[in-house]
Amino acid sequence: MNSKTFGERLFDAALYIFLAGIFVVTFYPFWNILVISLNDATDTLRGNLYFWPRSLTFESYRTIFRNPEIWSALQVTVLRTIIGTALSMFCISMLAYSLSKRYLLGWKYFSFFFVFTMYFGGGLIPTYMVIKSVGLIDSFWVFIFPGLIGVFLMILVRTFIEQIPGEVEESAKIDGANDLQIFFRIVMPLCVPVLATIGLFLAIGHWNSWYDSYVYTYKPNLKTLQAVLVKILNQYQTAGMMSDAQQLAQSSKQIPVSTESIRMATTMVATLPIIMVYPFVQKYFVKGMMMGAIKS
Amino acid sequence: MKTFTKVRENPQVPALAIPQRKTWMKFKQQKFLFLMMLPAVIWALIFAYTPMVGLYMSFVNYQPTLGAFWQTLFSSEFVGFKWFDYFFSNGDFLLIMRNTLASTLITLLFSFPMPILIAIAINEIKNVAFKKTVQTASYLPYFISWVIAANIIVTLLSSDGAINGLLKFLHITNESVLFLQHGKYFWWIVALGNTWKDMGYSSIMYLAAISSINPELYEAAKVDGANRFKQIRYITLPHLKPTIVILLILALGGILNAGFDQHFLLGNDLTKDYSDVLSTYSFRYGIQNGMFSYASAVGMFSSVVAFIIVVIVNFIAKRVNGHSLF
Chain A
1 MNSKTFGERL FDAALYIFLA GIFVVTFYPF WNILVISLND ATDTLRGNLY FWPRSLTFES
61 YRTIFRNPEI WSALQVTVLR TIIGTALSMF CISMLAYSLS KRYLLGWKYF SFFFVFTMYF
121 GGGLIPTYMV IKSVGLIDSF WVFIFPGLIG VFLMILVRTF IEQIPGEVEE SAKIDGANDL
181 QIFFRIVMPL CVPVLATIGL FLAIGHWNSW YDSYVYTYKP NLKTLQAVLV KILNQYQTAG
241 MMSDAQQLAQ SSKQIPVSTE SIRMATTMVA TLPIIMVYPF VQKYFVKGMM MGAIKS
Chain B
1 MKTFTKVREN PQVPALAIPQ RKTWMKFKQQ KFLFLMMLPA VIWALIFAYT PMVGLYMSFV
61 NYQPTLGAFW QTLFSSEFVG FKWFDYFFSN GDFLLIMRNT LASTLITLLF SFPMPILIAI
121 AINEIKNVAF KKTVQTASYL PYFISWVIAA NIIVTLLSSD GAINGLLKFL HITNESVLFL
181 QHGKYFWWIV ALGNTWKDMG YSSIMYLAAI SSINPELYEA AKVDGANRFK QIRYITLPHL
241 KPTIVILLIL ALGGILNAGF DQHFLLGNDL TKDYSDVLST YSFRYGIQNG MFSYASAVGM
301 FSSVVAFIIV VIVNFIAKRV NGHSLF
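Protein chains in written order, with the UniProt record's numbering: chain A, 1 to 296; chain B, 1 to 326.
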């Protein structure tokens with residue numbers, strides 16, 4: 001260790017500074033929103049909140065949890081995350097199992113049928129029209145069905161299934177098991193690691209999605225947390241474009257333009273579940289990503 | 001029916017009947033596999049292929065008020081390429097293409113080298129705790145939604161936000177810069193936002209490539225007197241080159257896909273001339289203004305061009321890599 005030259009030490013120092021910079025850049029924004037969300041809402045208007053709350057309070061969190069809109073949004077979001085993830089995992093793994101059998105009748109055509117959808121689609125407007133014409137507008141199922149199958153995730157599962165030794169299934173077949181039994185009793189239990197990976201991808205996708213709720217639902221009781229957050233962001237951006245005098249006039253009229261602390265508290269509520277589960281699931285994501293990369 | 005059973009019983013079946021019978025037998029054997037595929041097939045037909053049929057609306061004069069979608073669609077007046085013509089001849093096309101390309105290219109400029117630098121730096125660091133901390137923090141932005149990211153970015157960039165605080169502290173500026181109200185900053189904000197969100201996660205690919213390098217190479221280089229910088233220059237980078245080339249080619253495949261979320265969420269009326277990209281433009285005309293056929297034509301233009309680019313890129317990647325990435 002002592003044999004390090006001056007140049008080596010300098011090099012090490014540069015590396016540490018660079019990575020410390022990366023740490024600050026990726027971590028500080030989260031710290032900053034936490035600080036603002038914990039600060040008194042009126043005091044926040046004075047600005048310059050960087051490292052510590054000036055007047056610590058949980059009032060912003062109390063305010064948003066008293067708001068029925070946020071409660072309902074939280075419920076819808078949790079519900080869609082659970083139902084959507086479970087249904088997608090189920091349908092994706094069944095598809096992956098079928099497509100892992102290269103002897104499947106028309107395997108080539110079915111594979112193309114699904115993979116093609118990864119590269120070409122109808123785009124925003126025709127998709128909107130289809131969703132409207134199948135009656136999913138203002139329905140909870142609009143969160144579940146249009147995104148039911150993720151072809152990329154299916155490929156991950158299929159690759160995993162293909163690595164299971166063929167003998168395992170063959171011996172079950174000799175014992176008289178059909179494909180359904182083999183899938184549920186043998187393949188699914190062996191697939192737990194890959195199912196956990198895609199389950200996490202799907203759950204985070206559901207938790208984070210806003211577009212479907214924003215565009216396809218009008219009923220307030222179908223708005224998800226992220227869609228509510230978009231609305232709050234829009235209000236704030238509009239407020240930010242008004243002059244101070246206009247803002248003052250608005251706030252004196254008690255029009256509920258969300259203050260920054262409340263906006264940040266809402267952001268924290270939408271982020272917190274991810275921050276909390278994320279350290280535990282990080283290694284699965286990394287593995288999943290590696291699997292996707294190595295697969296080809 | 002009678003003839004069918006007869007054929008099956010007859011050992012001297014005509015040659016033509018065999019494949020048909022075999023296919024049917026095979027299908028019966030595999031019925032559960034087809035059953036398991038059924039939900040996905042129905043899903044693809046409804047939510048992936050029907051919208052492709054719906055692209056027909058780009059060629060008609062679709063009137064949304066006339067009734068049910070499919071009826072109206074096929075009874076609408078056929079106008080050929082009128083909407084495409086309208087898009088190309090109207091000044092918006094150049095503006096939208098400029099914004100789309102500027103946004104993706106500036107993003108590439110930042111977001112492409114950063115993961116490589118991060119992976120190399122992390123690989124060189126021996127302190128495991130520090131390494132883990134940096135990695136954990138750097139992946140985090142990838143997992144939050146663009147809505148949350150936009151809220152964070154707007155807050156950091158606000159007139160009394162942390163970035164303006166820093167700029168004032170360093171005496172770079174004395175007055176707050178209103179970043180999100182001037183179009184000239186917009187592409188850079190999106191580019192840095194994209195980089196911030198994805199750089200840590202993208203570095204995983206490079207770390208995987210680095211971990212497959214034989215450690216003996218470094219030992220040998222050390223014996224030969226190569227310092228750390230030279231080891232990176234002559235061992236790590238050459239080994240990363242195939243990964244870098246493939247990822248760069250693939251990144252170029254997304255050149256028309258500027259990302260709807262970030263442009264829609266960070267853009268506003270004041271920055272519209274810089275923030276409007278193909279996807280947000282199509283959204284605004286279709287969903288918000290009800291010009292469905294026009295918006296659909298714009299969307300179709302971008303999907304077709306993007307598809308062609310992806311096919312070309314995939315072909316090049318195949319050539320470079322020896323086999324397809326998909």
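Ideal Cβ placement from N, Cα and C applies to all residues, glycine included. All values reported here derive from a predicted model rather than from experimental measurement.
Residue i burial status per 10 Å Cβ neighbour count (16 or more: buried)
| i | result |
| --- | --- |
| residue 85 of chain B | exposed |
| residue 74 of chain B | exposed |
| residue 151 of chain B | buried |
| residue 269 of chain B | exposed |
| residue 126 of chain A | buried |
| residue 97 of chain A | buried |
| residue 197 of chain B | buried |
| residue 45 of chain B | exposed |
| residue 175 of chain B | exposed |
| residue 4 of chain A | exposed |
| residue 56 of chain B | buried |
| residue 88 of chain B | exposed |
| residue 30 of chain B | buried |
| residue 103 of chain A | exposed |
| residue 255 of chain A | With a pLDDT of only 42 at residue 255 of chain A, under 50, the local geometry of the prediction cannot be trusted, and the value read off the model is given with reservation. Residue 255 of chain A comes out exposed. |
| residue 236 of chain A | buried |
| residue 238 of chain B | exposed |
| residue 5 of chain B | With a pLDDT of 43 at residue 5 of chain B, under the threshold of 50, the predicted position of this residue should be treated as unreliable, and no value is reported. |
Beta-carbon proximity of residue i to residue j, cut-off 8 Å
| i | j | result |
| --- | --- | --- |
| residue 169 of chain A | residue 100 of chain A | no |
| residue 164 of chain B | residue 154 of chain B | no |
| residue 125 of chain B | residue 135 of chain B | no |
| residue 93 of chain A | residue 195 of chain A | yes |
| residue 53 of chain B | residue 79 of chain B | no |
| residue 74 of chain A | residue 154 of chain A | no |
| residue 139 of chain B | residue 282 of chain A | yes |
| residue 23 of chain A | residue 133 of chain B | yes |
| residue 70 of chain A | residue 230 of chain A | no |
| residue 379 of chain B | residue 183 of chain B | Here chain B has residues from 1 to 326 only, and residue 379 of chain B is not among them. |
| residue 261 of chain A | residue 60 of chain A | yes |
| residue 151 of chain A | residue 118 of chain A | yes |
| residue 206 of chain A | residue 80 of chain A | yes |
| residue 228 of chain B | residue 114 of chain A | no |
| residue 222 of chain A | residue 76 of chain A | yes |
| residue 173 of chain B | residue 107 of chain B | no |
| residue 47 of chain B | residue 145 of chain A | yes |
| residue 280 of chain B | residue 267 of chain B | yes |
| residue 144 of chain B | residue 199 of chain B | no |
| residue 309 of chain B | residue 253 of chain B | yes |
| residue 212 of chain A | residue 130 of chain A | no |
| residue 178 of chain A | residue 32 of chain B | yes |
Distance between beta carbons of residue j and residue i, contact taken as under 8 Å
| i | j | result |
| --- | --- | --- |
| residue 262 of chain B | residue 190 of chain B | 5 Å |
| residue 120 of chain B | residue 271 of chain B | Not quite, the Cβ-Cβ distance comes to about 36 Å (not below 8 Å), so this is no contact. |
| residue 328 of chain B | residue 256 of chain B | Any property of residue 328 of chain B remains undetermined from this structure, which presents chain B solely from 1 to 326. |
| residue 53 of chain A | residue 39 of chain A | 4 Å |
| residue 64 of chain A | residue 266 of chain A | 5 Å |
| residue 305 of chain B | residue 249 of chain B | About 17 Å; that fails the 8 Å criterion. |
| residue 320 of chain B | residue 246 of chain B | 6 Å |
| residue 103 of chain B | residue 220 of chain B | Their Cβ separation, rounded to whole angstroms, is 45 Å, which puts residue 103 of chain B and residue 220 of chain B out of contact at 8 Å. |
| residue 27 of chain B | residue 105 of chain A | 6 Å |
| residue 44 of chain A | residue 36 of chain A | 6 Å |
Check: residue i C-beta below 7 Å from any heavy atom of the ligand GDP
| i | result |
| --- | --- |
| residue 97 of chain A | In terms of ligand content, the structure shown is empty, and the ligand GDP therefore cannot be addressed. |
Would the region 81 to 95 of chain A and the region 188 to 201 of chain A be scored as touching if the rule is three or more Cβ pairs under 8 Å? yes
Please list, in chain order, the residues of the region 131 to 144 of chain B that have any C-beta partner in chain A closer than 7 Å. 133, 134, 136, 137, 138, 139, 140, 141, 143, 144
Determine, using beta-carbon pairs with one atom in the region 286 to 295 of chain B and one in the region 78 to 92 of chain B, whether at least three such pairs fall under 8 Å. yes
I'd like to know if the region 214 to 221 of chain A and the region 131 to 148 of chain A are in contact, where contact means that at least 3 CB-CB pairs between them fall below 8 Å. yes
Any contact between the region 277 to 286 of chain B and the region 29 to 44 of chain B? By contact I mean 3 or more CB pairs, one from each, below 8 Å. no
Scan the region 79 to 99 of chain A for residues whose Cβ lies nearer than 8 Å to a Cβ of chain B and list them as they occur along the chain. 91, 92, 94, 95, 97, 98, 99
Hey, is the region 105 to 113 of chain B in contact with the region 226 to 233 of chain B, meaning 3+ C-beta pairs nearer than 8 Å? no
Determine which residues of the region 38 to 54 of chain B have a Cβ less than 7 Å from any Cβ of chain A, and write them out in chain order. 39, 40, 43, 44, 46, 47, 48, 50, 51, 52, 54
Against chain B, which members of the region 155 to 186 of chain A pass a CB distance test of less than 7 Å? 178, 179, 180, 183
Could you please tell me which residues of the region 208 to 239 of chain B, in chain order, have their CB closer than 7 Å to any CB of chain A? 208, 227, 228, 229
Can you give me, in chain order, the residues of the region 187 to 211 of chain B that have a beta carbon less than 7 Å from any beta carbon in chain A? 196, 200, 204, 205, 208
Between the region 14 to 31 of chain A and chain B, which residues of the former have CB atoms less than 8 Å from a CB of the latter, in chain order? 15, 16, 18, 19, 20, 22, 23, 25, 26, 27, 28, 29, 30
Given a limit of 9 Å on CB to CB distance, which residues of the region 115 to 130 of chain A reach chain B? 115, 116, 117, 118, 119, 120, 121, 122, 123, 124, 125, 126, 127, 128, 129, 130
When Cβ atoms are compared, which residues of the region 211 to 222 of chain A fall closer than 8 Å to chain B? 211, 215
Beta carbons nearer than 7 Å to chain A: which residues of the region 293 to 313 of chain B have them? 295, 296, 299, 300, 303, 307, 310
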